[in-house]
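Residue 75 in numbering that gives the first Met the number 0 sits at position 76 of the sequence shown, with consecutive numbering throughout.
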Amino acid sequence: MILSLDKTELSRLNRDACIQAILERRRSIREHRDQKGDDRCFFDDYLVWQWLSGSPSEPKVVLPEKGMRECVLFYEHRRAEAADPAPEDAILESVHWDDDLPSKGLPELHAELLHIQEAIRLHRDIAKEKRSADDDRALYGVLPEKAPADFRLPPKEEFLGEARAPRAGCPTFWRSHADCGVQRHDYHKWGPCKESPA
């Protein structure tokens, strides 16, 4: 895994290392983009920001009331009423999403990697109270396929309330982690978490 790169470090990468770094970052951004419904979550941000040194670490433990505040912000600012339409030049077949890389020379690959890093930095550095679906769209815009995202979320009473408890909803999710008994939760999954075997 090739972590955060400044311009000097980037210029030292050979072709294979540069392609690997681009693919790693594209995979993280695609995973973020392709979440649907109540699988969309602010925790997905950490999977993208990990590629920048100085990024906040994913929290090991989140108090339920703080988690709910984050859920409310996410619902208020990072959803849409309809799925985004696919532009005419979108590449919809995933097997062709990275077809641009083999034809690029090393300077172009360095420029592409720097472009991705900058998009991630811009996304990370927005105040969480102001980060919006448009900011997510800008992040996804560095991907060559231009595939649309679906920012729709379940109705408020289901996403932030108890309408579908105990099968769904932020309050149920936080309760599922209440009695995990671990030092670090995996908030990308429903609880209870279990300690990894030594």
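We put the beta carbon where it would ideally sit given N, CA and C, even for glycine.
Can you tell me which of the options puts its alpha carbon nearest to the alpha carbon of residue i?
i	options	result
D38	P86, F73, S54, S56	F73
Q49	T171, Y186, G66, E23	E23
D15	P106, K65, I115, A148	P106
C17	E117, L159, E111, D178	E111
E117	N13, I21, F172	I21
E87	H184, I125, A146, K65	A146
P63	K188, A177, L113, G190	A177
R11	E161, A82, D44, L113	L113
V198	A81, I125, D134, R26	No information on residue 198 is available, as it lies outside the stretch 0 to 197 that the chain covers here.
I119	G104, A137, G66, V71	A137
V141	R130, P165, W96, K129	W96
E128	S102, I115, E69, L121	E69
For the alpha helix (DSSP H) that residue i lies in, which residues bound it at each end?
i	result
E157	155-158
E117	105-123
W173	169-175
F73	63-76
Q19	14-32
V47	43-48
A126	Here A126 belongs to no alpha helix (DSSP H), and DSSP marks it neither H nor E.
A132	132-139
Between which residues of its own chain and residue i is the CB-CB distance below 6 Å, once the five residues before and five after are set aside?
i	result
E194	V181
A132	R77, A79, F150
Y186	F42
P143	D99
E30	none
H83	The question names His, but residue 83 is Asp in the sequence shown. Closer than 6 Å at the Cβ level, and outside the excluded window around D83, lie P147, A148.
L108	C17
Nearest chain C C-beta to residue i closer than 7 Å, yes or no?
i	result
V94	Checking the listed chains, one finds no chain C in this structure; it contains a single protein chain.
Skipping 5 residues on each side, what residues in its chain have a beta carbon closer than 7 Å to that of residue i?
i	result
Y139	I28, R32, A148
L152	G36, D37, R39, Y74, R78, F158
L46	S27, E30, H31
For residue i, which residues from the same chain have a beta carbon less than 8 Å from its beta carbon, with the 5 sequence-adjacent residues on both sides left out?
i	result
A162	P154, E156, G168
Q34	C40, D43
Validate contact between the segment 44-60 and the segment 141-158 using beta carbons, cut 8 Å, 3 pairs: No, they do not touch.
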